[in-house]
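Q:
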Amino acid sequence: MSVDVVSQSTPELVEAMERLIPQLSRSAPALTAEQCEALVAQPGVYLFAFRPDTPLADGSTPILGMLTLATFTIPTGLRAWVEDVVVDGDARGQGAGQALVEAAVAYAQSLGARTVDLTSRPSREAANRLYRRAGFKLRETNVYRFSGE
């Protein structure tokens, strides 16, 4: 398994977005090539991609999982949020999610982030187990959302 920070948009990244975003969200459309370029060019936002070590039958090593790490500085220091963790259905249960989360946490720490946070719906039981295994602790807090609607 390998996890890398994506530094530029490619047709392969656009294809991965088309395949993975629907597995992440029923309502979010896949990113276009231009949107992929804008995502990876954002300061403080890091897109991690997971690939298998062993090529598939066709010889390819496609992106089978992604995670976004967003970092920002506030008066109390550099903070980081993990967002949009998704692993292709055919690759789940093989350590891709763990590899992505561990890589993102290590990267955030290397940047000097004081904390790394994330949210996950309670119904996502496997994801919640993964986050606990990776060292995340459940916080006593409320999460509020303003949607502007």
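Quick note: this note's numbering has the sequence shown finishing at residue 192, numbered continuously throughout.
A virtual CB, placed ideally from N, CA and C, is assigned to each residue, including glycine.
Predicted model only: the values in this text are computed from it and were never measured.
Three-state secondary structure (DSSP) at residue 88?
A: In the sequence shown, the residue the question calls residue 88 occupies position 45. DSSP places residue 88 in strand when its eight states are reduced to three.
Q: Within the same chain, show all residues whose beta-carbon is closer than 7 Å to that of residue 151, passing over the 5 residues directly before and after it, in chain order.
A: Here residue 151 corresponds to residue number 108 of the sequence shown, with the count starting at 1. Closer than 7 Å at Cβ, skipping near neighbours: 112, 114, 123 and 159.
Q: Return the chain-ordered ranges of every alpha helix (DSSP H) run that is complete within the stretch 73-132 and spans a minimum of 4 residues.
A: You should have 76-84.
Q: Quick one: what's got a C-beta closer than 7 Å to residue 83's C-beta in the same chain, skipping five residues either side?
A: Walking along the sequence shown from the start, residue 83 turns up at place 40. Within the same chain, residue 83 has close Cβ partners 49, 50, 51, 52 and 90.
Q: So what does DSSP say about residue 16, is it helix, strand or coil?
A: Nothing can be reported for residue 16, as the shown portion of the chain is limited to 44 through 192.
Q: Since residue 129 contacts residue 56 with CB under 8 Å, what's their CB separation in whole angstroms?
A: The residue given as residue 129 occupies position 86 in the sequence shown. The residue given as residue 56 occupies position 13 in the sequence shown. 13 Å between Cβ atoms; not a contact.
Q: Between which two residues does the beta strand (DSSP E) harbouring residue 159 extend?
A: In the sequence shown, the residue the question calls residue 159 occupies position 116. Looking at the DSSP string, the run of the beta strand (DSSP E) that includes residue 159 is 158-160.
Q: Use the C-beta contact count for residue 94: other C-beta atoms within 10 angstroms, 16 or more gives buried, fewer gives exposed.
A: Along the sequence shown, read from residue 1 onward, the residue named residue 94 stands at position 51. It is buried - the Cβ of residue 94 has at least 16 other Cβ atoms within 10 Å.
Q: For residue 177, which residues of its own chain have a beta-carbon under 8 Å away from its beta-carbon, when the five flanking residues on both sides are left out?
A: Your numbering for residue 177 matches position 134 in the sequence shown. 141, 144, 145 and 148, listed in sequence order.
Q: Quick one: residues in its chain with C-beta nearer than 7 Å to the C-beta of residue 79, no 5 flanking neighbours on either side, listed in chain order?
A: Here residue 79 refers to the residue found at position 36 of the sequence shown. Once the five neighbours on either side are set aside, the close Cβ partners of residue 79 are 52, 56, 57 and 60.
Q: Where does residue 181 fall in DSSP's three states?
A: Residue numbering aside, residue 181 sits at position 138 when the sequence shown is read from its first letter. DSSP places residue 181 in coil when its eight states are reduced to three.
Q: Is the separation between the beta-carbon of residue 121 and that of residue 156 shorter than 8 Å?
A: Position 78 of the sequence shown, counting from 1, holds the residue named residue 121. Position 113 of the sequence shown, counting from 1, holds the residue named residue 156. The answer is yes: Cβ separation under 8 Å.
Q: Beta carbon of residue 131, beta carbon of residue 102: below 8 Å?
A: Stepping through the sequence shown from its first residue, residue 131 is reached at position 88. Stepping through the sequence shown from its first residue, residue 102 is reached at position 59. Going by C-beta atoms, residue 131 is not nearer than 8 Å to residue 102.
Q: May I ask you to report which of helix, strand or coil DSSP gives residue 174?
A: Counted from its first residue, the sequence shown places residue 174 at position 131. Note: residue 174 maps to helix in three-state DSSP.
Q: When burial is assigned at 16 or more other CB atoms within 10 Å of the CB, is residue 187 buried or exposed?
A: Working through the sequence shown from its first residue, we reach residue 187 at position 144. That one is exposed.
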